[in-house]
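The sequence shown begins at 1 in UniProt numbering and counts up one residue at a time.
First the structure, in the form of C-alpha cells, and then the observations on it.
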Amino acid sequence: MEIRHLFDSPMDVQADEQWSYGARKKNQRWLWYAIDAATGCILSFVFGRRKEDVCEQLIANLRVFNIRTYYTDDWPSYAAFIPANQHVIGKKYTQKIENKNLLLRTRIKRLTRKTICFSKSELLHDGVIGLFINRHCFQLN
C-alpha cells in the first residue's frame with residue numbers, strides 16, 4: 001500500500017479573511033487563512049491589512065500544495081492571484097471555513113467584534129492568535 005503525502009495529494013482549499021484590531025478599531029488586523037476543504041485543517045495563515053499584498057502572500061504559501069480548486073468569497077484580491085480555471089467564488093462552497101471562523105471567534109476573544117479583550121501591540125495580537133491556531137490545529141495529543 002502506498003501512503004500519499006499531503007503535498008502530493010490533490011486538494012480543494014477554502015480561503016477567507018477575518019477582521020480584528022489591535023489597540024484601537026482604526027488599527028485593523030486581518031487574519032487571512034486557508035483550510036483543506038476535506039479535513040478542515042488550516043494549511044496556511046497570514047496577518048495584515050485587507051490588501052492584495054497580504055492575499056498574495058497567502059496564495060504564495062499555498063503553492064507547496066497540489067491544489068485542485070480554491071473556494072473563496074467574492075473579495076477581488078483572490079481573483080488577482082488565483083487562476084480562473086481553479087477558482088470558484090461563492091458562499092455555497094465556503095461553509096467549512098465560515099464554521100472555522102465561528103470557532104476561532106468563539107475561542108479567541110481578540111477576534112470577537114465587540115469585546116474588551118484586545119492587544120495593544122500587533123506583535124502580541126498576531127502572536128496570541130497564531131499560537132492558538134498552531135496549538136489547536138497541529139498539536140498532537
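Every residue, glycine too, gets a C-beta built ideally from N, C-alpha and C.
I need the DSSP call for residue i, collapsed to helix, strand or coil.
i      : result
Ala34  : strand
Asp73  : coil
Arg105 : helix
Arg29  : strand
Gly130 : helix
Phe138 : helix
Met1   : Any answer about Met1 is weak, because its pLDDT of 43 lies below 50 and its placement is not dependable; what the coordinates show is given next. Met1: coil per DSSP, three-state reduction.
Trp19  : strand
Arg68  : strand
Asn59  : The question names Asn, yet the displayed sequence has Ile at residue 59. Helix.
Ile89  : strand
Ile82  : coil
My understanding is that residue i touches residue j, with C-beta atoms under 8 Å, so please give their C-beta distance in whole angstroms.
i     : j     : result
Asp73 : Thr94 : 6 Å
Ala37 : Tyr71 : 7 Å
Ile82 : Ile59 : 6 Å
Cys55 : Tyr78 : 6 Å
Leu31 : Phe45 : 6 Å
With 16 other CB atoms within 10 Å as the buried threshold, where does residue i fall?
i           : result
Gln28       : exposed
Glu98       : exposed
Phe138      : exposed
Lys100      : buried
Asp136      : For the sequence presented, residue 136 should be read as His rather than Asp. His136 comes out exposed.
Gln86       : exposed
Val13       : buried
Ala15       : buried
Ser9        : exposed
Arg68       : exposed
Leu43       : buried
residue 171 : With the chain covering 1 to 141 only, the question about residue 171 has no answer from this structure.
Leu104      : buried
Asp53       : exposed
Can you confirm whether residue i, when its beta carbon is compared against all beta carbons of chain B, has any partner nearer than 8 Å?
i     : result
Trp32 : Looking for chain B here will not work: only one protein chain is present.
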